[in-house]
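Chains as they are written, first to last, in my numbering: chain S, 168 to 413; chain E, 4 to 328.
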Amino acid sequence: MKKGTIKQILLITDGCSNQGEDPSSVSALAHQHGITVNVIGVLEDEQSEQPEGLEEVEDIAKAGGGVSRIVYAKALSQTVQMVTRQAMTQTLQGVVNQELQQILGSEKSMEDLPPEKRGEVMEVVEDLGETSNLEVLVLVDTSASMAHKLPTVKESLEDLSLSLNARTGNNRFAIYSFPGKKQPVHEIMPWTNELSNIASVFPRLTSGGITPTGPALKDVMYRFQSTPKLEGWGSTDETIYEETGY
Amino acid sequence: MRPSTKKLVTNLSPGTKIKGKWHQQTYQIVKLLGSGTIGSVYLALHNQSYVALKISDQPSAITTEVNVLKAFKKVQGSRLGPSLLDVDDWIITKDQSYSFYVMEYLRGYELNTFIKRKGYEWLGILIVQLLSDLRELHDQGWVFGDLKPENVIVTDAPPRLRLIDVGGTTKQGRAVKEYTEFYDRGYWGLGTRKADPAYDLFAVAMVMIQVFYPNRFDKGPNPYRTLTYKIKQSPILRRYAGCLEKALLGKYTSSSEMSQDLSKIILKRQQSSSQNTKTRSQPRRNNSTVKRQQRKQKHYQWEESLGIAMVTALFTIFYFVIHML
Numbered sequence: 168m169k170k171g172t173i174k175q176i177l178l179i180t181d182g183c184s185n186q187g188e189d190p191s192s193v194s195a196l197a198h199q200h201g202i203t204v205n206v207i208g209v210l211e212d213e214q215s216e217q218p219e220g221l222e223e224v225e226d227i228a229k230a231g232g233g234v235s236r237i238v239y240a241k242a243l244s245q246t247v248q249m250v251t252r253q254a255m256t257q258t259l260q261g262v263v264n265q266e267l268q269q270i271l272g273s274e275k276s277m278e279d280l281p282p283e284k285r286g287e288v289m290e291v292v293e294d295l296g297e298t299s300n301l302e303v304l305v306l307v308d309t310s311a312s313m314a315h316k317l318p319t320v321k322e323s324l325e326d327l328s329l330s331l332n333a334r335t336g337n338n339r340f341a342i343y344s345f346p347g348k349k350q351p352v353h354e355i356m357p358w359t360n361e362l363s364n365i366a367s368v369f370p371r372l373t374s375g376g377i378t379p380t381g382p383a384l385k386d387v388m389y390r391f392q393s394t395p396k397l398e399g400w401g402s403t404d405e406t407i408y409e410e411t412g413y
Numbered sequence: 004m005r006p007s008t009k010k011l012v013t014n015l016s017p018g019t020k021i022k023g024k025w026h027q028q029t030y031q032i033v034k035l036l037g038s039g040t041i042g043s044v045y046l047a048l049h050n051q052s053y054v055a056l057k058i059s060d061q062p063s064a065i066t067t068e069v070n071v072l073k074a075f076k077k078v079q080g081s082r083l084g085p086s087l088l089d090v091d092d093w094i095i096t097k098d099q100s101y102s103f104y105v106m107e108y109l110r111g112y113e114l115n116t117f118i119k120r121k122g123y124e125w126l127g128i129l130i131v132q133l134l135s136d137l138r139e140l141h142d143q144g145w146v147f148g149d150l151k152p153e154n155v156i157v158t159d160a161p162p163r164l165r166l167i168d169v170g171g172t173t174k175q176g177r178a179v180k181e182y183t184e185f186y187d188r189g190y191w192g193l194g195t196r197k198a199d200p201a202y203d204l205f206a207v208a209m210v211m212i213q214v215f216y217p218n219r220f221d222k223g224p225n226p227y228r229t230l231t232y233k234i235k236q237s238p239i240l241r242r243y244a245g246c247l248e249k250a251l252l253g254k255y256t257s258s259s260e261m262s263q264d265l266s267k268i269i270l271k272r273q274q275s276s277s278q279n280t281k282t283r284s285q286p287r288r289n290n291s292t293v294k295r296q297q298r299k300q301k302h303y304q305w306e307e308s309l310g311i312a313m314v315t316a317l318f319t320i321f322y323f324v325i326h327m328l
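Here it is in structure tokens:
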């Protein structure tokens, strides 16, 4: 099997979008383009109940074939790396499932195999996860309510790069924030291999109350580096992903 | 926190019956033993005996862990980790299905509870046992990864520390699969997250440290200095300082090196205590030596050690005051 590049958008937000198109529909579009959309909803430390606005977090990720989590700011570091890894496994499993279908000639996925036979398939998935190249575009919501969470976001991104750079495969990261001044998004960090020492570029200023999540997602979709799409990556068949349990 | 639809696996009520799709075995939930990022472990009944059942909504993660448990089984008896009994899927409805595996249930104490009950002299011995298991694991090309007190258990008669959760176990040279910040050298800025034996040894040192700081602590602006300070603050940890610092800095390349250093420290203490017994049977010894050695013996009770530490601290302060004058 060919080694490919996995493309992910990681959206970090704390509230519901209130401007522009429906982010879920944009997310579905990104998925069609072979990009997985993961979403992390950040809670206030004193929030005990899941607030209404965060419901869309799951919807966006689902539409984008990705993983979603809602966490307190202090648990962000571990969540960011876990979500990224899990989504990667999920994408690769989708690819491997497709190969399985070609071999077995029917609607088979890993879960249709008896547990004894899944082991070897999973080993292939793990090998791919270790060696595949990964492009993560981080999209950070910098609307007013996120302001005091940004130092934690910064830390968790440095931590993400530490985790991913322990892999054999190559990594590229880029960071965008939204809303931008005149455009939907603002480039914080162009594509780079490592996210250590990002303190200097991380924004201290934040803008007002609007959260145009949809337009922002749509904008960053086109900011990935590797344009040549690999066959098999980013399936258009949603059912594969549903069967992995999300 | 996860969306409500997925909470079921962490919230199975006692009495729930889980029937496997493939092997048709039934397990009755007794109680929750613990929950992690991947899933939950339950105590369950199967044919009137207790088993541990790990269940998750991520079939891929369950398969990965089963792979590790099987790899252990191939090489050794049942010593590394619990033995694997069954792997299956639990189908509730068409859209709601979970994967699980079943292991032998190891009954035992939590590490910290055991040490508190039986005495701090057990710490070194249990850690030497842990290091010998890790050596075997490393020799087989693995790294345990998520080493922390929650993932080990002390079985009794004879006391033996055992690894119980292989969720973080990773092939050497790869990125560590699962970790917990406090025990992760990457978090402390003291190394990468690439799986090598030294990664586990760092965590071993942290496990020893947390025995004396069960509430853990923050890394502070200079993480390594924080750690060495915390080691020095504890009279018992201080004895292991040389060994702990080498492990924290990744200077041990194998667990046998660390084990040797640790054994030397433990042996030294045992020798000094056996010397004490001798002095008692030789009353003709010079008085002051006896006193000094008796005092040494009391080191083993940490309350006394704390007292000595305080006296030393006072003395140091006194010393400084004299100097300043």
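Where a beta carbon is used, it is the ideal one built from N, C-alpha and C, also for glycine. Treat the numbers as computed from the prediction; the structure is a model and nothing was measured.
Members of the segment 265 to 284 of chain S that neighbour chain E once the beta carbon cut-off is set at 9 Å: Residues passing the 9 Å Cβ filter: Met277, Glu278, Pro281, Pro282 and Glu283.
Decide if Ala333(S) is buried, meaning its Cβ has at least 16 other Cβ atoms within 10 Å, or exposed. buried
Touching or not, the segment 172 to 181 of chain E and the segment 204 to 224 of chain E, by the rule of three or more beta carbon pairs under 8 Å? Between the segment 172 to 181 of chain E and the segment 204 to 224 of chain E, the count of C-beta pairs closer than 8 Å stays below three; the two stretches do not touch.
Which of helix, strand or coil DSSP assigns to Phe220(E): coil
Contact set between Arg339(S) and chain E, taken where Cβ atoms lie within less than 9 Å: Neighbours of Arg339(S) on chain E: none; closest Cβ ~16 Å, over 9 Å.
Give the secondary structure of Tyr190(E) by DSSP, where H, G and I count as helix, E and B as strand, and everything else as coil. coil
Thr256(S) touches chain E at which residues, Cβ-Cβ below 7 Å? Ser63
Is it buried or exposed for Gln236(E), if we count other Cβ within 10 angstroms and need 16 for buried? exposed
Drop a sphere of 10 angstroms on the beta-carbon of Leu271(S), count the other beta-carbons inside from all chains shown, and report buried for 16 or more, exposed for fewer. exposed
Mind checking the segment 180 to 204 of chain E against chain S and listing, in chain order, the residues whose C-beta falls within less than 7 Å of any C-beta there? Glu184, Gly189, Thr195, Arg196 and Lys197
Secondary structure at Gly261(S), three-state DSSP: helix, strand or coil? helix
Determine the burial state of Arg339(S): buried for a count of at least 16 other Cβ atoms within 10 Å of its Cβ, exposed for fewer. The residue is buried, with at least 16 neighbouring Cβ atoms inside 10 Å.
Taking the alpha-carbon of Tyr112(E) as reference, which of Leu129(E), Ser102(E) and Tyr104(E) has the nearest alpha-carbon? Nearest C-alpha to Tyr112(E): Leu129(E).
Taking only three categories from DSSP, how would you classify Thr292(E)? The pLDDT assigned to Thr292(E) is 45, lower than 50, so where the model puts this residue is not dependable; a value taken from the coordinates is nonetheless given after this. Looking at Thr292(E) - three-state DSSP - the assignment turns out to be helix.
Where do the N-terminal and C-terminal ends of the alpha helix (DSSP H) with Arg334(S) fall, by residue? No alpha helix (DSSP H) holds Arg334(S); DSSP gives it neither H nor E.
Hey, could you find the ends of the alpha helix (DSSP H) Ala206(E) is sitting in? For Ala206(E), the enclosing alpha helix (DSSP H) covers residues Pro200 to Phe215.
Quick check: the Cα distance between Ser275(E) and Lys119(E), rounded to an integer number of angstroms? 23 Å
What three-state label does DSSP hand His200(S) in the structure shown? coil
Check the Cβ-Cβ distances between Ser330(S) and every residue of chain E, and say whether any is below 8 Å. Yes, because at least one Cβ of chain E sits closer than 8 Å to the Cβ of Ser330(S).
How far does the beta strand (DSSP E) with Phe103(E) in it reach, from first residue to last? Ser100 to Glu107
Interface residues of chain S around Lys73(E) at Cβ under 8 Å? Gly286
For Arg334(S), decide whether its Cβ has a neighbour in chain E, counting only Cβ atoms nearer than 8 Å. yes
Element boundaries [alpha helix (DSSP H), containing His141(E)]: First-last of the alpha helix (DSSP H) with His141(E): Glu124 to Asp142.
Alpha-carbon spacing of Leu46(E) relative to Tyr104(E), whole angstroms: A straight-line Cα-Cα distance of about 12 Å links Leu46(E) and Tyr104(E).
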